[in-house]
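Asks: Going down the list, the protein sequences come from chains A and B. Take any residue in the first sequence, count from 1 to its spot, add 488: that is its number in the working numbering. Take any residue in the second sequence, count from 1 to its spot, add 488: that is its number in the working numbering.
2 protein chains.
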Amino acid sequence: MDQRDVARIARVSSATVSRVLNGSTLVKPATAERVRRVIEQLRFIPNGSAAALRYGKSSSYGLIIPDITNPFFSEFIRSFQEILADRNRDVLMASLDHHASGMQESIRRMMVRQVNGIALLAAEIESGPIEALVHNRVPLVTMDRRLTGPGLSDIAIHNASGMNEALEHLHALGHRRIGYIGGASGLTISDHRQNAFIKAVKRVGLTVDPAFLREGNYRISGGEAAIQQILAMKTRPTALLTANDLTAIGVLRVLHKSGCPVPQAFSVVGFDDIELSDVIYPPLTTLRLARQELAQTFVTALEALATDPHAAGNQYTVRTRLVVRESTGPAPR
Amino acid sequence: MDQRDVARIARVSSATVSRVLNGSTLVKPATAERVRRVIEQLRFIPNGSAAALRYGKSSSYGLIIPDITNPFFSEFIRSFQEILADRNRDVLMASLDHHASGMQESIRRMMVRQVNGIALLAAEIESGPIEALVHNRVPLVTMDRRLTGPGLSDIAIHNASGMNEALEHLHALGHRRIGYIGGASGLTISDHRQNAFIKAVKRVGLTVDPAFLREGNYRISGGEAAIQQILAMKTRPTALLTANDLTAIGVLRVLHKSGCPVPQAFSVVGFDDIELSDVIYPPLTTLRLARQELAQTFVTALEALATDPHAAGNQYTVRTRLVVRESTGPAPR
DNA sequence: GGGCTGGATGTATACGTATACATCAAGGGC
DNA sequence: GCCCTTGATGTATACGTATACATCCAGCCC
Numbered sequence: 489m490d491q492r493d494v495a496r497i498a499r500v501s502s503a504t505v506s507r508v509l510n511g512s513t514l515v516k517p518a519t520a521e522r523v524r525r526v527i528e529q530l531r532f533i534p535n536g537s538a539a540a541l542r543y544g545k546s547s548s549y550g551l552i553i554p555d556i557t558n559p560f561f562s563e564f565i566r567s568f569q570e571i572l573a574d575r576n577r578d579v580l581m582a583s584l585d586h587h588a589s590g591m592q593e594s595i596r597r598m599m600v601r602q603v604n605g606i607a608l609l610a611a612e613i614e615s616g617p618i619e620a621l622v623h624n625r626v627p628l629v630t631m632d633r634r635l636t637g638p639g640l641s642d643i644a645i646h647n648a649s650g651m652n653e654a655l656e657h658l659h660a661l662g663h664r665r666i667g668y669i670g671g672a673s674g675l676t677i678s679d680h681r682q683n684a685f686i687k688a689v690k691r692v693g694l695t696v697d698p699a700f701l702r703e704g705n706y707r708i709s710g711g712e713a714a715i716q717q718i719l720a721m722k723t724r725p726t727a728l729l730t731a732n733d734l735t736a737i738g739v740l741r742v743l744h745k746s747g748c749p750v751p752q753a754f755s756v757v758g759f760d761d762i763e764l765s766d767v768i769y770p771p772l773t774t775l776r777l778a779r780q781e782l783a784q785t786f787v788t789a790l791e792a793l794a795t796d797p798h799a800a801g802n803q804y805t806v807r808t809r810l811v812v813r814e815s816t817g818p819a820p821r
Numbered sequence: 489m490d491q492r493d494v495a496r497i498a499r500v501s502s503a504t505v506s507r508v509l510n511g512s513t514l515v516k517p518a519t520a521e522r523v524r525r526v527i528e529q530l531r532f533i534p535n536g537s538a539a540a541l542r543y544g545k546s547s548s549y550g551l552i553i554p555d556i557t558n559p560f561f562s563e564f565i566r567s568f569q570e571i572l573a574d575r576n577r578d579v580l581m582a583s584l585d586h587h588a589s590g591m592q593e594s595i596r597r598m599m600v601r602q603v604n605g606i607a608l609l610a611a612e613i614e615s616g617p618i619e620a621l622v623h624n625r626v627p628l629v630t631m632d633r634r635l636t637g638p639g640l641s642d643i644a645i646h647n648a649s650g651m652n653e654a655l656e657h658l659h660a661l662g663h664r665r666i667g668y669i670g671g672a673s674g675l676t677i678s679d680h681r682q683n684a685f686i687k688a689v690k691r692v693g694l695t696v697d698p699a700f701l702r703e704g705n706y707r708i709s710g711g712e713a714a715i716q717q718i719l720a721m722k723t724r725p726t727a728l729l730t731a732n733d734l735t736a737i738g739v740l741r742v743l744h745k746s747g748c749p750v751p752q753a754f755s756v757v758g759f760d761d762i763e764l765s766d767v768i769y770p771p772l773t774t775l776r777l778a779r780q781e782l783a784q785t786f787v788t789a790l791e792a793l794a795t796d797p798h799a800a801g802n803q804y805t806v807r808t809r810l811v812v813r814e815s816t817g818p819a820p821r
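1) For the segment 557-585 of chain B, which residues have a beta carbon sitting closer than 8 Å to at least one beta carbon of chain A?
2) Helix, strand or coil for Arg492 of chain B, going by three-state DSSP, please let me know.
3) Should Arg601 of chain B be flagged as near chain A, meaning a C-beta pair shorter than 8 Å?
4) Between the C-alpha atoms of Pro554 of chain A and Asp585 of chain A, what's the straight-line distance to the nearest angstrom?
5) Does the beta-carbon of Thr723 of chain A have 16 or more other beta-carbons within 10 angstroms, so that it is buried, or is it exposed?
6) List the residues of chain A whose Cβ lies closer than 7 Å to the Cβ of Arg839 of chain B, in chain order.
7) At a Cβ cut of 7 Å, what residues of the segment 748-775 of chain B count as close to chain A, listed as they run along the chain?
8) Can at least three beta-carbon pairs, one atom from the segment 592-600 of chain B and one from the segment 555-566 of chain B, be found at a separation below 8 Å?
9) Give me, in chain order, the residues of the same chain whose beta-carbon lies closer than 8 Å to that of Met721 of chain B; leave out the 5 immediate sequence neighbours on both sides.
10) Go to Tyr543 of chain B, then tell me how far its alpha helix (DSSP H) extends in each direction, as first and last residue.
11) Could you give the first and the last residue of the continuous alpha helix (DSSP H) run that contains Ile768 of chain B?
12) Closer than 7 Å by beta-carbon distance: list the chain B residues that pair up with Pro534 of chain A, in chain order.
13) For Gly670 of chain B, which beta-bridge partners are listed by DSSP?
14) Would you mind giving the Cβ-Cβ distance between Val756 of chain B and Leu740 of chain B, rounded to the nearest angstrom? I have them listed as a contact below 8 Å.
15) Which residue or residues does DSSP assign as beta-bridge partners of Ile552 of chain A?
16) Applying the 10 Å Cβ sphere with the 16-neighbour rule, what's the burial state of Asn510 of chain B?
17) Since Met591 of chain A and Met581 of chain B should fall inside the 8 Å C-beta cutoff, what is the C-beta to C-beta distance between them, to a whole number of angstroms?
18) Let me see if you follow: with CB-CB separation under 8 Å, is Ser502 of chain A close to chain B or not?
19) Can you list the residues of chain A that Ser537 of chain B reaches, using a CB-CB cut of under 7 Å?
20) So, is Leu514 of chain A buried or exposed, given that buried needs 16 or more other C-beta atoms within 10 angstroms?
21) According to DSSP, is Ala620 of chain B part of a helix, a strand, or is it coil?
22) Can you tell me which of the three DSSP states Gln780 of chain A falls into?
23) Please name the residue or residues paired with Gln682 of chain A in a DSSP beta bridge.
24) With DSSP run on the structure shown, which of helix, strand or coil describes Ile595 of chain A?
25) Roughly how many angstroms separate the alpha carbons of Ala736 of chain A and Pro771 of chain B, rounded to a whole number?
26) Look up Thr462 of chain A in the DSSP assignment and say whether it is helix, strand or coil.
27) Got a sec, what are the start and stop residues for the alpha helix (DSSP H) Met721 of chain B sits in?
28) Distance, Cα to Cα, Gly806 of chain A vs Leu793 of chain A?
29) Would the segment 541-551 of chain B and the segment 614-628 of chain A be scored as touching if the rule is three or more Cβ pairs under 8 Å?
30) Given a threshold of 16 other Cβ atoms within 10 Å of its Cβ, counted over all protein chains shown, does Gln803 of chain A qualify as buried or as exposed?
31) Going by DSSP in three states, Ala800 of chain B sits in which element: helix, strand or coil?
32) In chain A, which residues lie less than 9 Å from Ile708 of chain B when you measure between Cβ atoms?
33) Just the C-alpha distance for Leu810 of chain B and Thr695 of chain B, rounded to the nearest angstrom, thanks.
34) If distances are taken between C-alpha atoms only, which option among A:Asp761, A:Asn732, A:Ala727 comes closest to Cys748 of chain A?
35) Would you mind telling me which residues of chain B sit closer than 7 Å to His744 of chain A, beta carbon to beta carbon, in chain order?
36) With 16 other CB atoms within 10 Å as the buried threshold, where does Ala495 of chain A fall?
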């Protein structure tokens, strides 16, 4: 069944049916109503593939993330998908999950599907797939790569705002030895975050002990490993910032097992503010990165590039801010 | 750029290019190689919309879940997507997130996209959208609805296997008063699970105190509310089963706050075995529902229906089994 | 009343692919 | 040497839509 069947029954042409379906103002209200009734009655569903072929675009966007089971990303997906669904656009999602070849393949599949653009939240990024996107004029929006170009926008995470708040908070609580557990090194996003930490420490007049800078993996296991190393040190920090909340949860877990009360013996600050942060024990003081705002910015950036394929990319920014809960307290003497 | 451009440069017809792309055996190896080289060199990406239009199907599947931030579902998505990506198929995902109208719209969008079938893990289900699917011959596979038909398969969760193990475990530990915190009532899946619990209790020779049957919402908050009611009772159960792990986590959290040591004062058993279960404190004894196996069964069921659209649906089953960790122990005297 | 304007609708076509069917060459059997 | 088979390739077309362009008609101005 297609538009022509609808047209025949409604005694109009298929062009008119198409116009009704796309909300053209050119159709007389009475005619439109008649067509709509036939569509309803026949339960006609238009063929999106034909429309995409004709139109050259598929009214869908690709979304690539590193790990869907990380709550930060699943919460992001929820917002992203919701915003796009309101605009009647689909999301083609790909979660890499530490499969090396995943990204190349995912991008290819999305290009085959004629997505209007791709949101890339993965840190690791090769130049090959990006070239393919540029070559085929597919807009790309990345997170915290701080690189823009034709058809390529970026959304920077403004780590400094939250980090500064966090350090003022800890400094005011009397902490002088403050450590940081980062993400996997080599990723730009990890570097930006760690640099923001170092700057924020200096800003409140403290120094950074390199031994207090540890590496994690953005997962619980990384936080656990890092805090164990820290507990083994003779001189320890009294407070810790982490690259994300999962890392902080790993830290809390080991501290709990080791009989280190939080925040009495140790203050811990997370990053992201995933929903879980408010639910673990003790509720996590963390730097909130608003998912809803981030998702909205991605959509804005994508639509801007999709509308005008020759547009130069923009650099966007999303701020972070401190949310104080119960995992931070006065420094032990 | 299209197949004809490739064809011209490779000095073959577009039909041959199409055959090469689809791995037809009809092409001479030397010719295929030549065509492949041109494809590579031109970085040609085929147009999936055109293929879908011509072929009538889009080589993608729809996936509808109630809440992507529930780890059970995000872990399922990961497996589901991974299995389909290996078969070069895309996933169109929709998370309902308590939006009432979401399902109808999601299904419609998927039909417009010509999905080969839809996996529906949402509990609430109206007949309207299902009719639309049947009417358009779109295969549907549901979870634990125990209803099949033409183009409609179901995957039942075999609650009994795990529930029986759990009750034997608790009974052996000396527990005699055992409670259950279910999901939202009225959903078939909640009913099946609760009934399995009641049967399992009777099976070990105990009786079910109706006051020990509480209702949750499959989220942490539901577990919290239910355990608070239970703590307020004069005669309390000594052990609790829950409809999923998030509910159990809510229970653990309130017990911890209330100074009730687990498992000394209370034994708690979850359901699902999400990754978090092994990470919270104490690690959760739970009924494992293998996500990988569930996802694989969904794919099998969908492909079976997609291959033969006139096929009658099948009833599949996925078992559960007890994973003992540290949230269960001997009953208090 | 003739010509013009603009709104409403119809006609015709291109989008890129997969495949049925046609064609052609080579080889084998007699 | 001729016919048939088989393998390899080419030709032609339909899938359902959106839209440029054509058409038609009513109303209006002078």
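Built from N, CA and C at the ideal position, the CB exists for glycine as well.
Replies: According to the data block:
1) Thr557, Pro559, Ser562, Glu563, Ile565, Arg566, Gln569, Glu570, Ala573, Asn576, Asp578, Val579, Leu580, Met581, Ala582, Ser583, Asp585
2) helix
3) yes
4) 6 Å
5) exposed
6) Outside the shown range of chain B (489 to 821) lies residue 839 of chain B, about which nothing can therefore be said.
7) Glu763, Val767, Tyr769
8) no
9) Ala699
10) 536-543
11) Element bounds for Ile768 of chain B: n/a, residue is neither H nor E.
12) Val600
13) B:Glu703
14) 6 Å
15) A:Ala582, A:Leu608
16) exposed
17) Rounded, the Cβ-Cβ distance is 18 Å, inconsistent with contact.
18) no
19) Ser537, Ala540, Leu541, Ser546, Gln602
20) exposed
21) helix
22) helix
23) Paired residue(s): none; Gln682 of chain A is not in a bridge.
24) helix
25) 18 Å
26) Chain A is shown only over 489 to 821; residue 462 of chain A falls outside these bounds and no answer can be derived.
27) First-last for Met721 of chain B: undefined, no H or E at that position.
28) One point to set straight first is that residue 806 of chain A is Val, not Gly, in the sequence displayed. The alpha-carbon atoms of Val806 of chain A and Leu793 of chain A are separated by roughly 19 Å.
29) no
30) exposed
31) strand
32) Glu763, Leu764, Val767
33) 21 Å
34) A:Ala727
35) Tyr769
36) buried
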